[in-house]
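K.L.:
These protein sequence lines are chains A and B, in that order. Under the working numbering, think of the first position of the first sequence as 1, with each following residue one higher. Under the working numbering, think of the first position of the second sequence as 216, with each following residue one higher. Virtual Cβ for every residue (Gly too), placed ideally from N, Cα, C.
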Amino acid sequence: MNIFRLAGDMTHLFSVLVLLLKIHTIKSCAGVSLKTQELYALVFAARYLDIFTNYISLYNTVMKLIFLGSSFSIVWYMRYHKIVRRSYDKDQDTFRHYFLILPCLLLALLINEKFTFKEVMWTFSLYLEAVAILPQLVLLQRTRNIDNLTGQYVFLLGAYRALYILNWVYRYFTEPHFVHWITWVSGLVQTLLYADFFYYYFQSWKNNQKLHLPA
Amino acid sequence: VESDDDHDEL
Numbered sequence: 001m002n003i004f005r006l007a008g009d010m011t012h013l014f015s016v017l018v019l020l021l022k023i024h025t026i027k028s029c030a031g032v033s034l035k036t037q038e039l040y041a042l043v044f045a046a047r048y049l050d051i052f053t054n055y056i057s058l059y060n061t062v063m064k065l066i067f068l069g070s071s072f073s074i075v076w077y078m079r080y081h082k083i084v085r086r087s088y089d090k091d092q093d094t095f096r097h098y099f100l101i102l103p104c105l106l107l108a109l110l111i112n113e114k115f116t117f118k119e120v121m122w123t124f125s126l127y128l129e130a131v132a133i134l135p136q137l138v139l140l141q142r143t144r145n146i147d148n149l150t151g152q153y154v155f156l157l158g159a160y161r162a163l164y165i166l167n168w169v170y171r172y173f174t175e176p177h178f179v180h181w182i183t184w185v186s187g188l189v190q191t192l193l194y195a196d197f198f199y200y201y202f203q204s205w206k207n208n209q210k211l212h213l214p215a
Numbered sequence: 216v217e218s219d220d221d222h223d224e225l
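1) Is it buried or exposed for L110 of chain A, if we count other Cβ within 10 angstroms and need 16 for buried?
2) Would I101 of chain A and T36 of chain A qualify as a contact pair, given that the criterion is a beta-carbon distance under 8 Å?
3) Less than 8 Å between the beta carbons of K64 of chain A and I74 of chain A, yes or no?
4) Got a sec? Which residues, its chain only, sit under 7 Å from G8 of chain A by beta carbon, not counting five neighbours each side?
5) What do you reckon, are the CB atoms on S71 of chain A and F95 of chain A nearer than 8 Å?
6) Which complete alpha helix (DSSP H) runs does the stretch 28-103 of chain A hold, if anything under 4 residues is left out?
7) Would N2 of chain A and Y170 of chain A qualify as a contact pair, given that the criterion is a beta-carbon distance under 8 Å?
8) Output, in sequence order along the chain, the residues in the stretch 178-208 of chain A whose CB is closer than 9 Å to any CB in chain B.
9) Is the stretch 123-131 of chain A touching the stretch 186-199 of chain A, taking contact as three or more C-beta pairs under 8 Å?
10) Taking any Cβ of chain B, which residues in the stretch 47-69 of chain A have a Cβ under 9 Å from it, in chain order?
11) Please report the distance separating the alpha-carbon of Y172 of chain A from that of W181 of chain A.
12) Would T143 of chain A and Q209 of chain A qualify as a contact pair, given that the criterion is a beta-carbon distance under 8 Å?
13) Can the beta-carbon of W140 of chain A be found closer than 8 Å to that of I146 of chain A?
14) So Y194 of chain A is in the alpha helix (DSSP H); what residue range does that whole segment cover?
15) Going by other Cβ atoms of all chains shown within 10 Å of its Cβ, with 16 needed for buried, is W205 of chain A buried or exposed?
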């Protein structure tokens, strides 16, 4: 475990906490894409199939449980909580997220490191995570007033991805035989999707203005 | 050599 990896995991954790804080205390999910949250729940379910069979460390297991638990509870809140679900921007959140799932599954069946069920599901989760933010980015673009917590949530998610890339660079130079093309390419694609958001996030921060993404 | 299916990242 290097500092970039730990910082990446912590930013990921904070992003989830920020979102849960917004939903749990303000009882609002305005500006949050349920489509993206459902994709993340699917991503973690597919990726952590080995949670009880492949023990890596206590840290690893606890983090997996947190990401699984938080992603499914966020989906539950947005769909079924009687107050929270009223604030969901259903009419704005129209991205056809189902159309992302099938291509990712096909790609995982075609391009993987090993053709086993667990390995294909793991690869599928990487491809799906790479594009899972898209519905959220589209929703942000449509939202007139992006509140601070939603902006911070997306910023932290992007920061987590950027830190993971630094982690891979570090591991490449410090660990022999550390080559993972599938992880790297899908991770890079995922991070690039945040480039536009980052630009406007820093602009609004620099000019001390409210965040607003041009259509 | 580390095994390829040892996914130690989250």
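P.N.:
Here's the rundown:
1) Classification of L110 of chain A: exposed, given that the 10 Å Cβ count is below 16.
2) No, they are not a contact pair.
3) It is not a contact, given that the beta carbons lie outside the stated cut-off.
4) By the criterion of a C-beta distance shorter than 7 Å, G8 of chain A is surrounded in its chain by Y160, L163, Y164, N167, once the five residues flanking it on both sides are discounted.
5) No. Outside cutoff.
6) Taken in chain order, the complete alpha helix (DSSP H) segments of 4 residues or longer contained in the stretch 28-103 of chain A are 34-47, 58-80.
7) Cβ atoms of N2 of chain A and Y170 of chain A: closer than 8 Å.
8) Listed by position, the residues of the stretch 178-208 of chain A near chain B (Cβ gap below 9 Å) are F178, H180, T183.
9) In short, these stretches touch, since the Cβ pair count reaches three.
10) Result list: R47, Y48, D50, N54, I56, S57, N60, M63, K64, F67.
11) Near 11 Å, if we compare the C-alpha coordinates of W181 of chain A and Y172 of chain A.
12) Cβ distance not < 8 Å, so T143 of chain A and Q209 of chain A don't count as in contact.
13) For the record, residue 140 of chain A in the displayed sequence is Leu; it is not Trp. Taking 8 Å as the cut-off, the Cβ atoms of L140 of chain A and I146 of chain A count as close.
14) Taken as a continuous stretch (DSSP letters only), Y194 of chain A belongs to no alpha helix (DSSP H), as it is neither H nor E.
15) The residue is exposed, with fewer than 16 neighbouring Cβ atoms inside 10 Å.
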